[in-house]
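Visitor: Below: one structure in C-alpha coordinates.
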Amino acid sequence: MGTLTEDVQFTERIDFPSQAENIHLVEKLIDDVCVKLNVHESHYGNILIALTEAVNNAIHHGNRQDPGKRVTVGYEVKEDAIVFLVSDEGAGFDHDHLPDPTDPQNIEKPHGRGVFLMRALADEVEFSEHGATVAMSFALAPVRE
(Lines of atoms letter the chains of each structure in order from A and count residues from 1; the text may use other names and numbers.)
(Lines give C-alpha, C1' and ligand atoms only; values in the text may rest on other atoms or scores of the structure.)
Protein backbone atom coordinates (compact mmCIF):
# COMPACT_ATOMS: atom_id res chain seq x y z
CA MET A 1 0.00 0.00 0.00
CA GLY A 2 1.26 3.45 -0.88
CA THR A 3 0.84 6.75 0.84
CA LEU A 4 -2.31 8.24 -0.70
CA THR A 5 -4.60 6.75 1.96
CA GLU A 6 -2.25 7.47 4.87
CA ASP A 7 -1.76 10.64 6.93
CA VAL A 8 -4.16 12.79 4.97
CA GLN A 9 -4.60 16.37 6.16
CA PHE A 10 -8.03 17.21 4.80
CA THR A 11 -8.48 20.64 3.29
CA GLU A 12 -12.21 19.98 3.52
CA ARG A 13 -14.43 16.98 4.11
CA ILE A 14 -18.09 16.10 4.20
CA ASP A 15 -19.95 13.07 5.49
CA PHE A 16 -23.50 11.98 4.91
CA PRO A 17 -25.89 9.03 5.26
CA SER A 18 -25.64 6.25 2.66
CA GLN A 19 -28.48 7.37 0.43
CA ALA A 20 -28.16 7.92 -3.32
CA GLU A 21 -29.91 11.29 -3.13
CA ASN A 22 -26.87 12.63 -1.24
CA ILE A 23 -24.70 12.44 -4.37
CA HIS A 24 -25.58 16.10 -4.99
CA LEU A 25 -23.47 17.00 -1.93
CA VAL A 26 -20.43 15.45 -3.60
CA GLU A 27 -21.17 17.16 -6.92
CA LYS A 28 -21.31 20.52 -5.12
CA LEU A 29 -18.01 19.80 -3.34
CA ILE A 30 -16.38 18.96 -6.68
CA ASP A 31 -17.78 22.11 -8.30
CA ASP A 32 -16.55 24.29 -5.43
CA VAL A 33 -13.08 22.71 -5.38
CA CYS A 34 -12.64 22.95 -9.14
CA VAL A 35 -13.62 26.63 -9.16
CA LYS A 36 -11.42 27.43 -6.14
CA LEU A 37 -8.38 25.69 -7.66
CA ASN A 38 -9.09 26.82 -11.22
CA VAL A 39 -9.14 23.21 -12.44
CA HIS A 40 -9.20 23.06 -16.22
CA GLU A 41 -12.56 21.99 -17.63
CA SER A 42 -10.94 19.01 -19.35
CA HIS A 43 -10.03 17.61 -15.90
CA TYR A 44 -13.37 18.44 -14.29
CA GLY A 45 -15.24 15.59 -16.01
CA ASN A 46 -12.66 13.01 -14.95
CA ILE A 47 -12.86 14.14 -11.33
CA LEU A 48 -16.67 14.23 -11.37
CA ILE A 49 -17.10 10.78 -12.89
CA ALA A 50 -14.38 9.05 -10.85
CA LEU A 51 -15.50 10.54 -7.55
CA THR A 52 -19.21 9.90 -8.08
CA GLU A 53 -18.39 6.29 -9.03
CA ALA A 54 -16.44 5.91 -5.78
CA VAL A 55 -19.28 7.41 -3.75
CA ASN A 56 -21.88 5.25 -5.49
CA ASN A 57 -19.77 2.19 -4.68
CA ALA A 58 -19.49 3.30 -1.04
CA ILE A 59 -23.25 3.79 -0.77
CA HIS A 60 -24.39 0.69 -2.66
CA HIS A 61 -21.66 -1.89 -2.08
CA GLY A 62 -19.79 -0.73 1.01
CA ASN A 63 -22.65 0.43 3.20
CA ARG A 64 -25.36 -1.52 1.37
CA GLN A 65 -27.58 1.60 1.24
CA ASP A 66 -27.93 1.56 5.04
CA PRO A 67 -28.78 5.18 5.95
CA GLY A 68 -27.44 4.47 9.44
CA LYS A 69 -23.96 4.14 7.92
CA ARG A 70 -22.06 7.15 6.65
CA VAL A 71 -19.87 7.96 3.68
CA THR A 72 -17.02 10.42 4.10
CA VAL A 73 -15.54 12.38 1.21
CA GLY A 74 -12.60 14.67 1.67
CA TYR A 75 -9.74 16.15 -0.24
CA GLU A 76 -6.25 17.42 0.30
CA VAL A 77 -4.43 19.79 -2.00
CA LYS A 78 -0.85 18.71 -2.59
CA GLU A 79 1.86 20.67 -4.37
CA ASP A 80 0.85 19.54 -7.87
CA ALA A 81 -2.26 17.42 -7.32
CA ILE A 82 -5.51 17.12 -5.48
CA VAL A 83 -6.20 13.88 -3.64
CA PHE A 84 -9.79 12.85 -2.91
CA LEU A 85 -10.61 10.16 -0.36
CA VAL A 86 -13.90 8.28 -0.12
CA SER A 87 -14.55 6.06 2.90
CA ASP A 88 -17.48 3.93 3.95
CA GLU A 89 -18.33 1.88 7.03
CA GLY A 90 -18.57 -1.41 5.18
CA ALA A 91 -16.35 -4.48 5.42
CA GLY A 92 -14.37 -3.53 2.32
CA PHE A 93 -13.62 -5.70 -0.69
CA ASP A 94 -10.80 -7.38 -2.57
CA HIS A 95 -9.93 -4.65 -5.04
CA ASP A 96 -7.13 -6.71 -6.61
CA HIS A 97 -9.44 -9.45 -7.90
CA LEU A 98 -12.31 -7.74 -9.67
CA PRO A 99 -13.83 -9.10 -12.88
CA ASP A 100 -12.67 -7.32 -16.01
CA PRO A 101 -15.65 -5.27 -17.27
CA THR A 102 -14.25 -5.38 -20.81
CA ASP A 103 -14.31 -9.19 -20.88
CA PRO A 104 -16.98 -10.37 -23.36
CA GLN A 105 -18.84 -12.27 -20.63
CA ASN A 106 -19.12 -9.05 -18.56
CA ILE A 107 -19.65 -6.47 -21.28
CA GLU A 108 -23.46 -6.41 -21.06
CA LYS A 109 -23.70 -6.50 -17.27
CA PRO A 110 -25.27 -3.32 -15.86
CA HIS A 111 -22.63 -2.97 -13.13
CA GLY A 112 -18.97 -3.67 -12.42
CA ARG A 113 -17.35 -0.67 -14.13
CA GLY A 114 -16.84 1.75 -11.23
CA VAL A 115 -13.31 0.78 -10.20
CA PHE A 116 -12.35 0.38 -13.86
CA LEU A 117 -13.50 3.97 -14.53
CA MET A 118 -11.75 5.33 -11.44
CA ARG A 119 -8.48 3.75 -12.53
CA ALA A 120 -8.92 5.05 -16.09
CA LEU A 121 -9.80 8.63 -15.11
CA ALA A 122 -7.60 9.38 -12.07
CA ASP A 123 -3.85 9.81 -12.29
CA GLU A 124 -3.41 7.48 -9.34
CA VAL A 125 -5.82 5.25 -7.41
CA GLU A 126 -5.10 3.49 -4.16
CA PHE A 127 -7.29 1.42 -1.85
CA SER A 128 -6.81 0.93 1.85
CA GLU A 129 -5.78 -2.56 2.89
CA HIS A 130 -9.35 -3.80 3.28
CA GLY A 131 -10.89 -1.67 0.55
CA ALA A 132 -13.21 0.53 2.63
CA THR A 133 -11.30 3.67 1.58
CA VAL A 134 -10.22 4.74 -1.88
CA ALA A 135 -7.89 7.62 -2.66
CA MET A 136 -7.69 9.17 -6.11
CA SER A 137 -5.11 11.70 -7.19
CA PHE A 138 -5.59 14.18 -10.02
CA ALA A 139 -2.75 16.34 -11.34
CA LEU A 140 -3.24 20.09 -11.14
CA ALA A 141 -0.77 20.78 -13.92
CA PRO A 142 -1.98 23.31 -16.46
CA VAL A 143 -3.38 22.00 -19.72
CA ARG A 144 -1.72 23.17 -22.92
CA GLU A 145 -4.21 24.50 -25.41
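Under the working numbering, the first residue of the sequence shown carries the number 11, and numbering increases by one thereafter. From the three backbone atoms N, C-alpha and C, an ideal C-beta is built for every residue, glycine too.
Under a three-way DSSP split, which group does Val-83 fall into?
Guide: On the sequence shown, position 73 is the one that residue 83 refers to. If DSSP states are grouped into helix, strand and coil, Val-83 belongs with the strands.
Visitor: How would you label Asp-98, buried or exposed, when you count the other beta carbons within 10 angstroms and need 16 or more for buried?
Guide: Translated into positions along the sequence shown, residue 98 becomes position 88. Buried, by the Cβ-count rule.
Visitor: Any idea if His-53 is buried or exposed, counting beta-carbon neighbours within 10 angstroms, 16 or more meaning buried?
Guide: Against the sequence shown, residue 53 aligns to sequence position 43. With 16 or more other Cβ atoms within 10 Å, it is buried.
Visitor: Under three-state DSSP, which class holds Ser-97?
Guide: Within the sequence shown, numbered from 1, the residue matching residue 97 stands at position 87. The answer is strand: DSSP assigns Ser-97 an E or B state.
Visitor: Is the segment 26-33 touching the segment 41-49 in the sense that three or more CB pairs, one from each, lie closer than 8 Å?
Guide: no
Visitor: Assuming the contact rule is C-beta atoms closer than 8 Å, Ala-158 and Leu-131 should be a hit. Round their C-beta distance to whole Å, please.
Guide: There is no way to answer for residue 158, as the model of the chain reaches only from 11 to 155.
Visitor: Please classify Val-49: does DSSP put it in a helix, a strand, or coil?
Guide: Within the sequence shown, the letter at position 39 stands for residue 49. Looking at Val-49 - three-state DSSP - the assignment turns out to be coil, as it is neither helix nor strand.
Visitor: How long is the line joining the alpha carbons of Val-93 and His-71, rounded to whole angstroms?
Guide: In the sequence shown, residue 93 corresponds to position 83, counting from 1. In the sequence shown, residue 71 corresponds to position 61, counting from 1. Straight-line Cα distance between these residues: approximately 22 Å.
Visitor: At the level of alpha carbons, what is the spacing between Tyr-85 and Glu-22?
Guide: On the sequence shown, position 75 is the one that residue 85 refers to. On the sequence shown, position 12 is the one that residue 22 refers to. So the two alpha carbons sit approximately 6 Å from each other.
Visitor: Near Arg-129, which residues of its chain fall below 7 Å by C-beta distance, leaving aside the five closest residues on each side in sequence?
Guide: As a position in the sequence shown, residue 129 is number 119, starting the count at 1. Same-chain partners within the cutoff: Val-135.
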